[in-house]
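Heads up, my numbering is the position in the sequence shown plus 2, with the first residue counted as 1.
Backbone N, C-alpha and C fix where the C-beta goes; we use that ideal spot for every residue, glycine too.
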Amino acid sequence: MDKSQGRISRPDAGPTAEIVTASGHRGLQIEELLIFEQGVPGRSGVDLPEPPKVKDRLNGMRRQGGIGLPGLSEPQVMRHFTRLSQKNYAIDSGLYPLGSCTMKHNPRLNEKMARLPGLADIHPLQPVKTVQGALALMHQLAHWLKTLTGMPAVALTPGAGAHGEFCGMIAIRAALDARGQQARRRVLVPESAHGTNPATAASLGFEVDSIPADARGRVDVAAFKAKLGPDVAALMLTNPNTCGLFEPDIVEIAQALHDAGGYFYCDGANFNAIAGRVRPADLGIDAMHINLHKTFSTPHGGGGPGSGPVVFSEALAPYVPLPYVVHGKDGFRLVETRESGAEPFGRLKTFHGQMGMFVRALTYMLSHGSDGIRQASEDAVLNANYLLARLKDVMTPAFEGPCMHECLFDDRFLKDSGVSTLDFAKALIDEGFHPMTMYFPLVVHGALLVEPTESETKAALDEFVASLRSLAARAKAGEAAAFHAAPRLTPRRRLDETRAARQPVLRWKPSGTSRQAAE
Ligand SMILES: *Cc1c(COP(=O)(O)O)cnc(C)c1O
3 MDKSQGRISR PDAGPTAEIV TASGHRGLQI EELLIFEQGV PGRSGVDLPE PPKVKDRLNG
63 MRRQGGIGLP GLSEPQVMRH FTRLSQKNYA IDSGLYPLGS CTMKHNPRLN EKMARLPGLA
123 DIHPLQPVKT VQGALALMHQ LAHWLKTLTG MPAVALTPGA GAHGEFCGMI AIRAALDARG
183 QQARRRVLVP ESAHGTNPAT AASLGFEVDS IPADARGRVD VAAFKAKLGP DVAALMLTNP
243 NTCGLFEPDI VEIAQALHDA GGYFYCDGAN FNAIAGRVRP ADLGIDAMHI NLHKTFSTPH
303 GGGGPGSGPV VFSEALAPYV PLPYVVHGKD GFRLVETRES GAEPFGRLKT FHGQMGMFVR
363 ALTYMLSHGS DGIRQASEDA VLNANYLLAR LKDVMTPAFE GPCMHECLFD DRFLKDSGVS
423 TLDFAKALID EGFHPMTMYF PLVVHGALLV EPTESETKAA LDEFVASLRS LAARAKAGEA
483 AAFHAAPRLT PRRRLDETRA ARQPVLRWKP SGTSRQAAE
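Structure representation (structure tokens):
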């Protein structure tokens with residue numbers, strides 16, 4: 003990178019490089035320097051009085067030099083962060099079809115409720131009497147989650163889906179230990195599973211045993227049954243699965259598992275396809291996490307912390323971790339220690355979970371109502387099937403038949419084109435869309451997993467379809483070179499993502515650190 007005149011010019015900027023600007027900016031796309039590169043020693047946005055002379059009580063341990071903060075004026079700081087924010091892609095700026103992530107609209111009403119001072123300005127260590135409303139809110143959220151899933155118990159504390167898996171699998175281990183069945187240490191996981199499933203099982207000391215998928219993209223029931231035995235602790239199954247397909251044999255699977263003495267953990271990350279339509283309890287599930295940040299519209303990705311409550315069946319209910327909210331004659335209280343009839347396995351978090359997310363999720367539930375939640379699921383499935391129907395003649399659906407809330411393609415439609423799934427996704431960025439999930443699930447080659455969610459209009463879906471159809475046609479027409487050069491219209495082109503992940507440059511040092519960045 004050439005930084006003459008303090009600007010970064012990019013000689014490899016591709017076909018749009020023919021437009022050369024004196025500033026290095028491209029329209030309103032500003033080439034923003036790092037804040038440290040803009041800083042000037044001594045400049046400041048505030049005018050503080052000289053500190054009073056005080057007697058040194060630190061035994062001479064005084065700081066000798068500055069701490070290296072960049073010197074900028076207030077307008078410089080404002081512009082810097084505003085410009086950076088404009089480089090972000092977010093659900094608020096466009097379609098975000100990232101399969102398995104349920105990037106739906108986060109209603110503004112949720113935010114308004116979460117900012118109410120009575121909810122936003124409380125502290126977890128406040129006396130219980132002073133936070134009765136907040137505890138009532140948690141209790142009501144628990145009620146909704148139990149009602150929607152048909153399950154008798156819930157742990158609200160897990161901090162995200164993977165943490166919920168961890169919670170559910172510890173409860174399963176505790177139940178097995180209570181039965182004296184420490185020998186049950188094998189966990190069956192379909193090969194289409196999200197990576198967190200085997201990771202959770204392995205991190206708890208279970209042995210992971212993978213179950214193959216059949217030609218329909220579902221669990222191979224015969225292969226599953228053949229794996230059952232006296233050492234099986236649990237099955238971890240996602241439904242709808244990560245191919246976007248409902249597992250139609252789930253009741254039979256649950257029955258066989260229970261007959262063999264195992265517990266049924268369901269990864270509920272895809273609950274947005276079935277919420278209000280199917281109660282997981284009726285499918286024979288013993289524990290399931292719910293990603294509030296997916297199904298119930300609380301922000302995620304860069305937008306906020308996750309929240310992954312876990313619902314439990316009667317068999318696992320005694321092991322629900324502390325703390326939990328109960329309602330008695332003196333109002334609501336948090337149970338913080340073991341009480342009779344319960345065998346909590348311990349705690350997962352210092353306090354009681356992501357309160358701000360509880361507020362947002364309950365706001366979503368109450369504003370939609372049970373009929374609205376069912377409608378959202380139906381619309382999510384309808385939108386995904388609309389995309390599937392509009393694309394199946396130019397892209398290759400991985401499996402036959404309709405899908406649930408997301409549609410899965412493989413890369414057969416790119417065969418012999420010289421264009422990979424990655425190239426295709428990068429070209430989609432130039433079209434103004436966030437790419438779909440790529441190369442997951444692993445059961446199909448070069449996967450492209452598209453989840454539109456219910457909050458997109460038909461017009462937005464049609465625009466997306468038009469771009470995908472055009473890209474598919476261009477790939478087939480032999481424009482591989484253009485795909486390899488994509489994205490061309492972004493502030494940065496293809497990053498060495500592996501290097502960025504393995505050797506992140508997280509600290510600015512005065513001499514040329516930015517040159518080492520991964521481009
Ligand atoms: C998102 C997801 C998870 C993990 O949830 P986090 O909240 O990201 O920890 C697990 N399984 C599936 C199928 C998912 O889509």
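DSSP three-state assignment for Arg414, whether helix, strand or coil: Helix at Arg414.
Every unbroken beta strand (DSSP E) inside the stretch 81-150 [3 residues or more]: As far as the stretch 81-150 is concerned, it has no whole beta strand (DSSP E) run of at least 3 residues.
Simplified DSSP state of His447, which is helix, strand or coil: Looking at His447 - three-state DSSP - the assignment turns out to be coil, as it is neither helix nor strand.
DSSP bridge partner residues for Glu209 (one or two, in chain order): Partner(s): Arg188.
Nearest to Pro119 (by Cα), restricted to the options Gly135, Leu127 and Lys131: The shortest Cα separation from Pro119 among Gly135, Leu127 and Lys131 belongs to Gly135.
Environment of Leu410 [buried if 16+ CB atoms lie within 10 Å]: Buried, because 16 or more other Cβ atoms sit within 10 Å of the Cβ of Leu410.
Heavy atom of ligand 1 within 6 Å of Gly308 beta-carbon: Relative to the non-hydrogen atoms of ligand 1, the Cβ of Gly308 comes within a distance shorter than 6 Å of at least one.
Local conformation of Pro512 per DSSP, three classes: Reduced to three states, the DSSP call for Pro512 is coil.
Residue from Leu294, Glu316, Pro320 and Phe314 whose Cα sits closest to the Cα of Gly308: Measuring from the Cα of Gly308, the nearest candidate turns out to be Leu294.
Inter-residue Cα distance where the pair is Pro512 and Gly67: Cα to Cα, Pro512 sits roughly 15 Å from Gly67.
Beta-carbon proximity of Pro323 to Ala176, cut-off 7 Å: Their beta carbons are not under 7 Å apart, which means Pro323 does not touch Ala176 by this criterion.
Contact between the stretch 279-298 and the stretch 350-366 (3+ Cβ pairs under 8 Å): Verdict: yes, contact present.
Buried versus exposed call for Arg494 [16 or more other C-beta atoms within 10 Å across all chains shown]: Exposed, because fewer than 16 other Cβ atoms sit within 10 Å of the Cβ of Arg494.
C-alpha distance - Ala449 paired with Ala217, whole-angstrom precision: Cα-Cα distance, rounded: 16 Å.
Residue(s) in a DSSP beta bridge with Tyr267: Tyr267 is bridged to Met238 and Ala289.
Closer than 6 Å: Thr240 CB and nearest ligand 1 heavy atom: Yes.
Pro404 - DSSP class collapsed to helix/strand/coil: Secondary structure at Pro404: coil, using DSSP grouped into helix, strand and coil.
Where Gly371 falls, given that 16 or more other Cβ within 10 Å makes a residue buried: Within a 10 Å sphere around the beta-carbon of Gly371 sit fewer than 16 other beta-carbons, which makes this residue exposed.
Distance cut-off 6 Å: Asn293 Cβ against heavy atoms of ligand 1: Ligand 1 approaches Asn293 closely enough that one of its heavy atoms is under 6 Å from the residue's Cβ.
Alpha helix (DSSP H) segment containing Ala173, residue limits: Where Ala173 is concerned, the enclosing alpha helix (DSSP H) stretches over Gly163 to Ala180.
Separation of Met359 from Met115, as counted between CA atoms: Spanning the alpha carbons of Met115 and Met359 requires a straight line of approximately 10 Å.
Beta-bridge partners of Arg504, as assigned by DSSP: Beta-bridge pairing links Arg504 to no other residue.
Inter-residue Cα distance where the pair is Leu143 and Met367: Cα to Cα, Leu143 sits roughly 9 Å from Met367.
Where Ser369 falls, given that 16 or more other Cβ within 10 Å makes a residue buried: The residue is exposed, with fewer than 16 neighbouring Cβ atoms inside 10 Å.
Reduced DSSP secondary structure (H/G/I, E/B, other) of Ala217: Coil, per DSSP.
Beta-carbon proximity of Glu249 to Arg220, cut-off 7 Å: Going by C-beta atoms, Glu249 is nearer than 7 Å to Arg220.
Contact test: Thr198 Cβ vs ligand 1 heavy atom, cutoff 6 Å: The beta carbon of Thr198 sits closer than 6 Å to at least one heavy atom of ligand 1.
Same chain only: Cβ atoms within 6 Å of Arg392, ignoring 5 sequence neighbours per side: Counting only Cβ-Cβ distances below 6 Å, and skipping sequence neighbours, we find Val467.
C-alpha distance - Met440 paired with His447, whole-angstrom precision: Each residue's Cα considered, the two are about 10 Å apart.
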